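Peer 1:
There are 2 protein chains.
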Amino acid sequence: MNIIVVDDDKLVALSLKTILESTGHINVMAMGSSGSEAITLYNEHKPDVMLMDIRMDGMTGLEAGEKIIAENPDAKILYLTTFSDDEYIVKALTIGAKGYILKQDFEGIAPALEAVMNGQSVFGEKVISKLPVIMNSKPEFDFSKYDIGEKEQEIITLVSEGLSNKEIASELFLSEGTVRNYISGILEKLELRDRTQLAVFYYTNIK
Amino acid sequence: MNIIVVDDDKLVALSLKTILESTGHINVMAMGSSGSEAITLYNEHKPDVMLMDIRMDGMTGLEAGEKIIAENPDAKILYLTTFSDDEYIVKALTIGAKGYILKQDFEGIAPALEAVMNGQSVFGEKVISKLPVIMNSKPEFDFSKYDIGEKEQEIITLVSEGLSNKEIASELFLSEGTVRNYISGILEKLELRDRTQLAVFYYTNIK
DNA sequence: ACACAAAAGTGACATTTGTCATATGAACTT
DNA sequence: AAGTTCATATGACAAATGTCACTTTTGTGT
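From first to last, the protein sequence lines are chains Y and E. Using the working numbering, the letters of the first sequence correspond one by one to residues 1 to 207. Using the working numbering, the letters of the second sequence correspond one by one to residues 208 to 414.
#1: I'd like the span of the alpha helix (DSSP H) that includes ALA169 of chain Y, first residue to last.
#2: Strictly by DSSP, which residues pair up with TYR79 of chain Y?
#3: Please report the Cβ distance between GLY306 of chain E and SER328 of chain E, rounded to the nearest whole angstrom; I am assuming they are in contact, meaning their Cβ atoms lie under 8 Å.
#4: Can you grab the Cα-Cα spacing for the pair LEU41 of chain Y / GLY315 of chain E, in whole Å?
#5: List, in order along the chain, the chain Y residues whose C-beta lies closer than 8 Å to that of GLU368 of chain E?
#6: Cα-Cα, which of E:GLY231, E:MET259 and E:ARG387 is closest to ALA220 of chain E?
#7: Residues in the same chain with beta-carbon distance under 7 Å from PHE350 of chain E, minus the five sequence neighbours each way, listed in chain order, please.
#8: Taking Cβ-Cβ distances shorter than 9 Å, what residues in chain E pair up with TYR203 of chain Y?
#9: When the Cα of GLU114 of chain Y is compared with those of Y:SER15, Y:LEU78, Y:ILE183 and Y:GLY185, which residue comes out closest?
#10: Quick check: ILE101 of chain Y and ASP48 of chain Y, are their CB atoms within less than 8 Å of each other?
#11: Along the segment 318-334 of chain E, what residues have a CB closer than 8 Å to any CB found in chain Y?
#12: If PHE313 of chain E and ILE226 of chain E are in contact, beta carbons under 8 Å, what's the gap, nearest whole angstrom?
#13: Considering only residues of the same chain and omitting the five flanking positions on each side of HIS232 of chain E, which have a CB-CB separation below 7 Å?
#14: With PHE106 of chain Y as the anchor, note down where its alpha helix (DSSP H) starts and where it stops.
#15: Would you say GLY65 of chain Y reaches chain E, if we count a Cβ-Cβ gap shorter than 8 Å as a contact?
#16: Where does GLY303 of chain E land, buried or exposed, given buried means 16+ other C-beta within 10 angstroms?
#17: Give me, in chain order, the residues of the same chain whose beta-carbon lies closer than 8 Å to that of ASP57 of chain Y; leave out the 5 immediate sequence neighbours on both sides.
#18: Are any of the Cβ atoms in chain E nearer than 8 Å to that of ASP53 of chain Y?
#19: Kindly identify the DSSP beta-bridge partner or partners of ASN2 of chain Y.
#20: Name the chain Y residues that come within less than 8 Å of ASP312 of chain E, Cβ to Cβ?
#21: What number of angstroms, rounded off, separates the C-alpha of ILE393 of chain E from the C-alpha of LYS352 of chain E?
#22: Within the 8 Å Cβ cut-off, does GLY108 of chain Y reach chain E?
#23: Can you pull the chain E neighbours of PRO81 of chain Y, defined as C-beta to C-beta under 7 Å?
#24: Quick one: give me the first and last residue of the beta strand (DSSP E) that SER328 of chain E is part of.
#25: Can you give the Cα-Cα distance for TYR409 of chain E and ASP354 of chain E, rounded to whole angstroms?
#26: Along chain E, in chain order, which residues have C-beta atoms closer than 7 Å to that of ILE101 of chain Y?
#27: How far does the alpha helix (DSSP H) with ASN181 of chain Y in it reach, from first residue to last?
#28: Rounded to whole angstroms, what is the Cα-Cα separation between LYS310 of chain E and THR288 of chain E?
#29: What does ARG195 of chain Y touch in chain E if you count any residue whose Cβ is under 8 Å from its own?
#30: Which whole-angstrom value describes the C-beta separation of ALA317 of chain E and VAL366 of chain E, a residue pair presumed to lie in contact below a C-beta threshold of 8 Å?
#31: With a Cβ-Cβ cutoff of 8 Å, do ASN412 of chain E and PHE330 of chain E count as a contact?
#32: For LEU93 of chain Y, decide whether its Cβ has a neighbour in chain E, counting only Cβ atoms nearer than 8 Å.
#33: Is it the case that the Cβ atoms of GLU171 of chain Y and LEU163 of chain Y are separated by a distance below 8 Å?
#34: What is the residue span of the alpha helix (DSSP H) that LYS10 of chain Y lies within?
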């Protein structure tokens, strides 16, 4: 199997080469240390798999990968990261990377390459378990930043379930007028105009 | 590496055993052919990895996997499927399976097992590319079922962006009254009460 | 040109909603 | 006890919303 290793840190790149070549059936065709180099090297050698760091000076591994895949739709790119970096996972997936594994797990790299070679996708230990969470949950909304208290949050929820003021009032044992006042305050703090915008806000930023 | 193979089809199970053992460093400790058997075998042998079919008579692989993982939180289960079966992917992920690969890809199974052994997760060819889509998209709402036309859909969208009737009217070059009439009709068809409920409906069932 | 249906509009009406100024009462300070 | 704060409440008002019966306009086929 012919691969290319791209890593900022030349020492890491070299170590990888050594480890991988010692397996006997992996051949490191070339090594690079930047995103732009990655693109050049890929086109020059067309490796079976490209093993690339995700964080690099200049062009990041993701940008480079995106370009490579745009030109070579079946390019196989396996990303390496130092710690599992939530934010990049989804991005890596969407550009069509074949995997996302941790550098530390050096024993796992060779098998991962094999799997990728066979058309599969590989993700490091904690990466996958985070996926369902990352994809669904919003960044956790900071109510306190807008000075919104407990009861107000409750009301926001109820409004966002489609309840009328009267219904919310009876649900919370408040008078309808009080509910109105609460909502009025919430709208002002969130700079919204009406309850529908509040519901929209809720579904876009909170739940 | 010690594994257990569980497959409905005993011929398949046997073929897998043969293929995998021929690699030299995979040992098939036991074989099963049903979900309930899987649970017994797992507890009896505590394999490094369990390779299991996802569809089986009686208890499915998923149910069995769920129970196994509940009892053994770091059990490593790698699912096999005949064709990539969208609906199960998410479920498999949420119960904490280590992978989801295609049976057909017999060359890929051994490397996948290696990777899983190393704590990684492996997904077959087309599985991962579907993930972002599956997780975000709702089942595709059937407007025609409610007899809701083009323009009505447009209005639903606008309402769900928080626009007022006046704004929608000017956006769509309609009079405000017409917009109201449209909304009135939509609410009736969808059995909703007001625009806020419509927005809620939108975010829960459509987008 | 006529007829017919679909799309768009109107006006009137009751409700709901959002805003605001102000009031009440309970729980704490001091 | 007087003062302060906080949550809750009231009433009045304007604006937005939803409903309905009915009209006008537009487009399409004959």
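Where a beta carbon is used, it is the ideal one built from N, C-alpha and C, also for glycine. Computed from a predicted structure; not experimentally measured.
Peer 2: According to the data block:
#1: 165-172
#2: Y:MET52 and Y:TYR100
#3: 5 Å
#4: 27 Å
#5: VAL200
#6: E:MET259
#7: GLN360
#8: SER367, ALA406, VAL407, TYR409, TYR410, THR411 and LYS414
#9: Y:LEU78
#10: no
#11: PRO318, ALA319, GLU321, ALA322, MET324, ASN325, GLY326, GLN327, SER328, VAL329, PHE330, GLY331, GLU332 and VAL334
#12: 6 Å
#13: MET208
#14: 106-117
#15: no
#16: buried
#17: ASP8 and SER34
#18: no
#19: Y:ASN27
#20: ASN118, GLY119 and GLN120
#21: 13 Å
#22: yes
#23: Note that residue 81 of chain Y is Thr in the sequence shown, not Pro. Within chain E, no residue comes near THR81 of chain Y; the closest Cβ sits about 13 Å away, beyond 7 Å.
#24: 328-330
#25: 16 Å
#26: GLN327
#27: 176-190
#28: 6 Å
#29: THR403
#30: The Cβ separation is near 55 Å, so there is no contact.
#31: no
#32: yes
#33: yes
#34: 10-21
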